Amino acid sequence: MAVVGPLSRIARIGSTFCRNNSLIFSRSSQRRGIVSCIDPSHGLTDEQKEFQKVAFDFAANEMAPHMADWDQKEIFPVETMRKAAQLGFGGIYVQPDVGGSGLSRLDTSIIFEALSTGCVSTTAYISIHNMCAWMIDTFGNNEQREKFCPDLCSMEKFASYCLTEPGSGSDAASLLTSAQKKGDHYILNGSKAFISGGGDTDVYVVMCRTGVKGPKGISCLVVEKGTPGLSFGKKEKKVGWNSQPTRAVIFEDCEVPVTNRLGEEGQGFNIAMKGLNGGRINIASCSLGAAHASVLLARDHLLVRKQFGEALANNQYLQFKLAEMATKLVASRLLVREAAKALQENHPDAVSLCSMAKLFVTDECFNICNQALQMHGGYGYLKDYAVQQFVRDIRVHQILEGTNEVMRMIISRNLLMES
Amino acid sequence: MSGRVLVGVKRVIDYAVKIRVKPDHSGVVTDGVKHSMNPFCEIAVEEAVKLKEKKLMKEVVVVSCGPQQSQETIRTALAMGADRGIHVEVSGKDYETLGPLQVSKILAALAKKEDAQLIILGKQAIDDDCNQTGQMTAALLDWPQGTFASEVSLEKDGIKVVREIDGGLETIKISTPAVLTADLRLNTPRYATLPNIMKAKKKKIANVKPADLGVDLTSRLEVLRVDEPPQRQAGMKVETVDDLVSKLKDAGKV
């Protein structure tokens, strides 16, 4: 890295400057975004503004101060997430009769966007947990809903979504984990890869093969931690998302009661994909929060940092770059919120809209965060500054919950479908 | 004994916003600027809700004086656990000149009307820093006041209040009914939960006009000019203590 020489000189001289800047990035006011044109509360109802306020306050007070620590020490912040659950964030779009908050997809998007400004990785895990709780709430029978949902909504128990395998990522329907019916149990054999929360969570929503090849032979089973035959691989070392453990989930003659199957045999793939539609909006919302926080960080840096005798904010190139970042942020936000509304209303094109939102927003927001890092110069590369964590954390959003390439597949299929 | 607590909340410019003075120096820019509940008022609401949860008080009524937007602030208090709200409508020129004198008259009138046992306010608002409303309200009602409260306990024969004063902490016992003003360390306001925010929608907010309470809103104060604080001047380093003393003497500080 050619910049090390001048950088270390700057670091030595500017140590006071650095410390001041750390104060700036850790002050809670930053993440709330009191800057008018990118204000995330535009167009929201009074009630939604209240939800957003709680989420922003929680993010600023309970998450942002620990974001770097959780990342560096790879801490899974169970207590903080349980505090979030007490406010209703454990099952935001789960029905109230089993402990959920019963809110809409749009309300959910607003909440995750705000929480993400405090810590992307933790918010993303909370969104995966929410997705699993919803799947059980929607496709489970009453016994299953009452058995699992209350504990998930309160985060007494944590959940993981298990679809991907070492041999099937984008080609999810080709999954191999088998579930052989034996009496009133299924015997599971196989393994899942890259499972968020794997090893530390209690409830695993597992897509496995009960029937023929392809999507129609897949069913959805809920597997509880402690079931004999359920084990975990090593904790993966990741570039970001470090506040959630990622492990392989291994099934070796793991016996799961038939009563733990969500819906019918063969319905599993459908359940998985329906879960992912919402999951994609949630992940895109997390990217939005990171981009919003990064734009604010960049803006503040431009106002403070001086080169060539004046503040960087007087440099037209940087002014224009910031304007472009802000514009793309607002455009992304509108797309996610539209997709959320479409999903809520069961719009016939909801799946494509969710895919478009995920595709566009995760890409654009990554670019925004990346440019914000660039605007920080050498400081942007230091872990003392939050912007690099936003970049590292949201990079994976372009890959998981369906790669952005798979999103293109879904969208083009809709466009080229013979009607 | 009605067991009713009246809590006053004020809608102010959000603490995180950078304040800008209007070009005509008549005030600060408030249009399009983010507003929220005064932080000390949040602490007051939290204390009232805590008293209700401990079953020491039966009902928490939250009051705000201001334009239509003050209802948002009342809703936030309802989401924290207050039972109902009263919005005293004051807008336009009246709102610009609204100050502690008028608000305390309104609160005194409402306290009588609602038969309140206790009034809890924030110690001061972060926009005008007056620190007068609580004291004036107590005087108008001829009630005892426990201001700058950092600890409040309701006892059989009155209220024990620990006050934060310049010299440290002062503990007093006052009889009820009384006015309390909340200081920073009284409590940590709770987050509204999602279910409570939704329940708050159904709680009632009554609309009242100051005239209905027989309150005269005319201000006895006139704001002449508003300016930003002077820019901080650069300091200078000196080599010895003697230099420091002579420089201070030159500047007339010693």
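Going down the list, the sequences are from chains A and B.
By my numbering, the letter at position 393 of the first sequence is numbered 393, and the numbering carries on one by one without gaps.
By my numbering, the letter at position 117 of the second sequence is numbered 536, and the numbering carries on one by one without gaps.
Note that the Cβ used here is the ideal one computed from N, Cα and C, for glycine as well.
Bear in mind that the values here come from a model prediction, so they are computed numbers and not experimental data.
Quick one, which residues of the region 486-510 of chain B are near chain A if we go by CB-CB under 9 Å, in chain order? So the list reads Gln490, Glu491, Arg494, Thr495, Ala498, given in the order they occur along the chain.
Segment limits, beta strand (DSSP E) that includes Lys192/A: Residues 185-196.
Whole-angstrom distance between Ile545/B and Tyr381/A, CA atom to CA atom: For Tyr381/A and Ile545/B, the distance between alpha carbons rounds to 38 Å.
DSSP three-state label for Thr566/B, please. Note: Thr566/B maps to strand in three-state DSSP.
Whose C-alpha, out of Thr177/A, Cys153/A, Tyr93/A, is nearest the C-alpha of Phe269/A? Ranking Thr177/A, Cys153/A, Tyr93/A by Cα distance to Phe269/A puts Thr177/A first.
Environment of Gln389/A [buried if 16+ CB atoms lie within 10 Å]: Residue environment: Gln389/A is assigned as buried (16 or more neighbouring CB atoms within 10 Å of its CB, all protein chains considered).
Which first and last residues belong to the beta strand (DSSP E) in which Asn414/A is found? No beta strand (DSSP E) holds Asn414/A; the alpha helix (DSSP H) holding it covers 404-416.
8 Å Cβ cutoff, Ile624/B in contact with chain A: Chain A contact via Cβ: absent.
Flag Val330/A as yes if its beta-carbon sits less than 8 Å from any beta-carbon of chain B, otherwise no. Taking Cβ atoms only, chain B never reaches closer than 8 Å to Val330/A, which makes this a no.
Short CB-CB distance (under 8 Å) between Lys429/B and chain A: No, no contact with chain A.
Where does Asn141/A land, buried or exposed, given buried means 16+ other C-beta within 10 angstroms? By the Cβ-count criterion, Asn141/A is exposed, with fewer than 16 other Cβ atoms from all chains shown falling within 10 Å of its own Cβ.
What did DSSP end up calling Arg609/B once you bin it into helix, strand or coil? The answer is coil: DSSP assigns Arg609/B none of H, G, I, E or B.
With distance defined between alpha-carbon atoms, name the residue in Cys460/B, Arg651/B, Thr595/B, Lys672/B nearest to Asp548/B. Measuring from the Cα of Asp548/B, the nearest candidate turns out to be Cys460/B.
Considering only C-alpha positions, which residue in the set Val452/B, Lys437/B, Gly427/B, Met476/B is nearest to Lys391/B? Nothing can be reported for residue 391/B: it is not among the residues displayed for chain B, which extend from 420 to 673.
List the residues of chain A that Leu605/B touches, going by C-beta distances under 9 Å, in chain order. When 9 Å is used as the limit between beta carbons, Leu605/B is near no residue of chain A, the shortest such separation being about 18 Å.
Going by the DSSP bridge assignment, what does Gly378/A pair with across the sheet? Paired residue(s): none; Gly378/A is not in a bridge.
Bridge partner(s) assigned by DSSP for Arg423/B: Partner(s): Glu478/B.
Check Met155/A in the structure and name its three-state DSSP category. Reduced to three states, the DSSP call for Met155/A is coil.
Name, going along the chain, the residues of the region 83-108 of chain A whose beta-carbon falls closer than 9 Å to a beta-carbon of chain B. Residues Lys83, Gln86, Leu87, Gly88, Phe89, Ile92, Pro96, Ser101, Gly102, Leu103, Asp107.
Looking only at its chain, what residues have a beta carbon closer than 7 Å to the beta carbon of Ser352/A, apart from the 5 residues adjacent to it on each side? If the five residues before and after Ser352/A are omitted, its C-beta is found closer than 7 Å to the C-beta atoms of Ile410, Ile411, Asn414, all from its own chain and listed in chain order.
So what's Ser445/B in DSSP terms, helix, strand or just coil? The answer is coil: DSSP assigns Ser445/B none of H, G, I, E or B.
Determine, using beta carbons only, whether Ser36/A comes closer than 8 Å to chain B. For Ser36/A, the answer is yes, since a Cβ of chain B falls inside 8 Å of its Cβ.
Rounded C-alpha distance that separates Gln650/B from Thr123/A: Cα to Cα, Gln650/B sits roughly 41 Å from Thr123/A.
Put His347/A into one of helix, strand or coil per three-state DSSP. Three-state DSSP puts His347/A in coil, outside helix and strand.
Determine the contact status of Ala84/A and Ile126/A, defining contact as a CB-CB distance below 8 Å. One thing to note: Ala84/A has its Cβ within 8 Å of the Cβ of Ile126/A.
Where are the beta strand (DSSP E) runs, 3 residues long or more, that stay fully inside the region 100-167 of chain A, in chain order? Whole beta strand (DSSP E) segments, 3+ residues: 159-162.
The region 221-230 of chain A / the region 240-247 of chain A touching (three or more Cβ pairs under 8 Å): Pairwise C-beta distances place the region 221-230 of chain A out of contact with the region 240-247 of chain A, as fewer than three of them are shorter than 8 Å.
Can you list, in chain order, the residues of the region 430-464 of chain B whose Cβ is nearer than 7 Å to any Cβ on chain A? Identification of residues in the region 430-464 of chain B having a C-beta nearer than 7 Å to some C-beta of chain A yields Asp433, Ala435, Val436, Gly451, Lys453, given in sequence order.
So the beta strand (DSSP E) Leu540/B belongs to, where does it begin and stop? Per DSSP, Leu540/B belongs to the beta strand (DSSP E) from 537-541.
Run of the beta strand (DSSP E) containing Ser446/A, from where it starts to where it stops: There is simply no residue 446/A to check, as chain A begins at 1 and stops at 419 in what is shown.
One question on the structure: do Arg80/A and Gly289/A come within less than 8 Å of each other, judged by their Cβ atoms? Note that residue 80/A is Thr in the sequence shown here, rather than Arg. No, they are not a contact pair.
Per DSSP, Lys182/A is paired with what? Per DSSP, the beta-bridge partners of Lys182/A are His185/A.
Is Lys579/B helix, strand or coil when you go by DSSP? It is a strand residue.
Starting from the beta carbon of Thr612/B, find every residue of chain A whose beta carbon is closer than 8 Å, and list them in chain order. Under the 8 Å cutoff, chain A gives Val54, Gln86, Leu87, Gly88.
Would a check of beta-carbon distances place Asp46/A closer than 8 Å to chain B? Yes, because at least one Cβ of chain B sits closer than 8 Å to the Cβ of Asp46/A.
Cβ of Asn20/A within 8 Å of any chain B Cβ: Below a pLDDT of 50, predicted positions are generally treated as unreliable, and Asn20/A, at 35, falls in that range; no measurement from the model is reported.
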